[in-house]
Amino acid sequence: LIARQEQLITILRERRSAEISAATEEVGPLVPLRRIVGRIRQGASPNCEKVPGDGVTEWAVLKTGCSNSGRFDPTENKRLPDDEAPNPEHAVNSGDIVLSRSNTGALVGMAAVVKGFYPRLLLSDLNYAITLHGETDPEFVAYAMRSGQSRAVLTASAKGTSSSMQKLSQRDVLNLEIALPSRDTQHRIVQQLDAKVSAIDTLIPK
Numbered sequence: 006l007i008a009r010q011e012q013l014i015t016i017l018r019e020r021r022s023a024e025i026s027a028a029t030e031e032v033g034p035l036v037p038l039r040r041i042v043g044r045i046r047q048g049a050s051p052n053c054e055k056v057p058g059d060g061v062t063e064w065a066v067l068k069t070g071c072s073n074s075g076r077f078d079p080t081e082n083k084r085l086p087d088d089e090a091p092n093p094e095h096a097v098n099s100g101d102i103v104l105s106r107s108n109t110g111a112l113v114g115m116a117a118v119v120k121g122f123y124p125r126l127l128l129s130d131l132n133y134a135i136t137l138h139g140e141t142d143p144e145f146v147a148y149a150m151r152s153g154q155s156r157a158v159l160t161a162s163a164k165g166t167s168s169s170m171q172k173l174s175q176r177d178v179l180n181l182e183i184a185l186p187s188r189d190t191q192h193r194i195v196q197q198l199d200a201k202v203s204a205i206d207t208l209i210p211k
């Protein structure tokens with residue numbers, strides 16, 4: 006029974022990936038991320054407490070896993086000690102795309118969009134935060150970065166001596182090409198994927 010449940014989870018994850026790939030690949034001209042990125046930032050990793058902070062009234066530093074699922078998880082953090090001075094320039098902003106710059110091959114470069122207001126939630130040196138310019142929808146770009154083609158490129162670009170700690174440079178990320186349709190089409194695709202992916206994400210833990 007356990008083996009059959011695990012097989013079902015694998016099938017659901019493959020279906021999720023297939024839905025994202027089908028919706029975001031070959032839907033517009035290929036554009037390198039550098040053309041739509043206004044700023045890309047990296048944080049720092051001071052010594053932190055083992056407990057999380059709320060990122061609103063307490064300073065905290067994000068863990069690499071905050072974007073692993075494709076949904077931004079603000080609770081994946083470590084509280085900054087009271088005697089450690091924070092750097093507000095490393096705080097994430099609503100609408101930023103946060104991705105892991107260092108992780109296992111399967112998870113390096115996984116991206117998610119910050120939703121909500123967390124003025125005291127800081128990037129670590131293992132995270133990148135991307136701020137887009139123009140009319141590009143960050144939700145669409147984050148989905149496009151999770152497509153099969155994008156994941157293959159990012160995984161192949163990552164480098165490291167250990168399979169458990171692969172790293173992406175800013176150049177690797179900015180050189181990634183995604184298919185970019187019109188703004189209206191981006192919104193429509195995001196709405197469709199939100200419904201499909203949420204349904205699958207609900208089934209997996211069950």
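Per the working numbering, the very first residue in the sequence shown carries number 6; after that it's consecutive. Don't be surprised by glycine CBs; every beta carbon is placed ideally from N, CA and C.
- F122 places its beta carbon less than 7 angstroms from that of S99.
- In terms of Cα proximity to A147, the closest of K172, D130, V66 and K120 is K120.
- Listed in chain order, the non-local C-beta contacts of L17 below 7 angstroms within the same chain comprise I205, L208 and I209, local neighbours out to five positions each way being set aside.
- No Cβ-Cβ contact shorter than 7 angstroms links V32 with P143.
- If you draw a straight line from the Cα of V118 to the Cα of R9, it comes to about 33 angstroms.
- No alpha helix (DSSP H) of 4 residues or more sits fully in the segment 40-73.
- Within its own chain, the residues whose Cβ lies closer than 8 angstroms to the Cβ of I194, once the five positions on either side in sequence are excluded, are A28, T29, V32, F145, Y148 and P186, listed in chain order.
- When the five nearest sequence neighbours on each side are left out, the beta carbons in the same chain lying within less than 8 angstroms of the beta carbon of E54 are those of K83, R84, L85 and P86, in order along the chain.
- Segment contact: the segment 66-84 against the segment 102-111, three or more CB-CB distances shorter than 8 angstroms; contact assigned.
- Linking A116 to F77 through their CA atoms gives a straight-line distance of about 8 angstroms.
- Annotated three-state conformation of G153 is helix, per DSSP.
- Residues R46, Q47, G48, L67, H95, V97 and A134 of the same chain have their beta carbon placed closer than 7 angstroms to that of L128, with the five preceding and five following residues left out of the count.
- For P37, the three-state secondary structure derived from DSSP is strand.
- Distance from the Cα of S50 is smallest, within the candidate group S22, L112 and N132, for N132.
- In the three-state scheme derived from DSSP, where H, G and I count as helix and E and B as strand, A111 is classed as coil.
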